[in-house]
Structure formats: C-alpha cells, structure tokens
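FYI, in this note's numbering the residues of the sequence shown are 1 to 100.
Using N, Cα and C, we set each Cβ at its ideal position, and we do this for glycine too.
Everything numeric in this text was worked out from a predicted model, so none of it was measured.
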Amino acid sequence: MARRRKAKAKWKATDVLRRAFFFVLGSLLVGFLAVFLEQTLHVYLPRHFAVSLAVGIAVAATFWLLGLLKHPPMFLKNVHPVAAGVCAGLGVHIARFWLR
C-alpha cells in the first residue's frame, strides 16, 4: 500500500510578509532586551557574565513571547525557550572567552 505525499503548499505574499514582520520584531526585541538587561546586570555582575546572561534571557523571553503569539521562529518551532536561551547565552560566553 503506497502512501500519498502531501503537496507542498505555496507561500502567499501575506504569509511571507507576516513571517518577515515577526522576524524583524523578534530581532529588535532580542536586541533591545539584551542591551537593557546587560546594563541592569552589569551593576551586580562582571561584564563578561552580564552579557552572557542578558543574551540568554533575551532569547528565552523572545522565544516565549513569539510562541504565545503563535509565530515561533521558522526553523526552531519545537525548541523550548529556556533551551534556546541557555544555548545562546553559552554561545556568547564561549565566544567572548575565546576571542579575548
């Protein structure tokens, strides 16, 4: 018994514009949150750790908010926001450590 494959759905202009809008919105939100949180955390922590934590929290908050709006990032639909935040923060930490 052969299975039938679903036909690929064509992208409509409204879908592309909606995805582009939420991509830009998410990028801006991550940027603003990261800068704001870094300035706030820098008072209590060394700059190196403040930046890593700020990026991780900003990514997790943005993923969570976009998930609530039913527009998760295109390639990361099934990734938990906390996992994305931890990976982003760890990546920034490693990059800052290695690029000294």
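Neighbour flag for residue i against chain B, beta carbons, 8 Å
i	result
GLY67	Note that chain B does not occur in the displayed structure, where there is just one protein chain.
Minimum C-alpha distance to residue i - residue among the options
i	options	result
ASN78	LEU90, TRP64 and LYS8	TRP64
GLY67	THR14, PHE23, ALA13 and PHE32	PHE23
THR62	THR14, VAL43, TRP11 and VAL82	VAL82
ILE57	PHE97, LYS12 and VAL30	VAL30
PRO15	HIS71, HIS93, VAL92 and VAL86	The sequence given here has Asp at residue 15, not Pro. Out of HIS71, HIS93, VAL92 and VAL86, HIS71 has the C-alpha closest to the C-alpha of ASP15.
ALA88	VAL55, HIS80 and ARG3	VAL55
VAL51	HIS80, HIS93, ALA20 and ARG18	HIS93
For residue i, three-class secondary structure by DSSP
i	result
LEU45	coil
ALA9	coil
LEU69	coil
HIS93	helix
ARG3	coil
Beta-carbon proximity check, residue i vs residue j, cutoff 8 Å
i	j	result
VAL59	ALA95	no
LEU105	LEU41	With the chain covering only 1 through 100, there is no way to say anything about residue 105.
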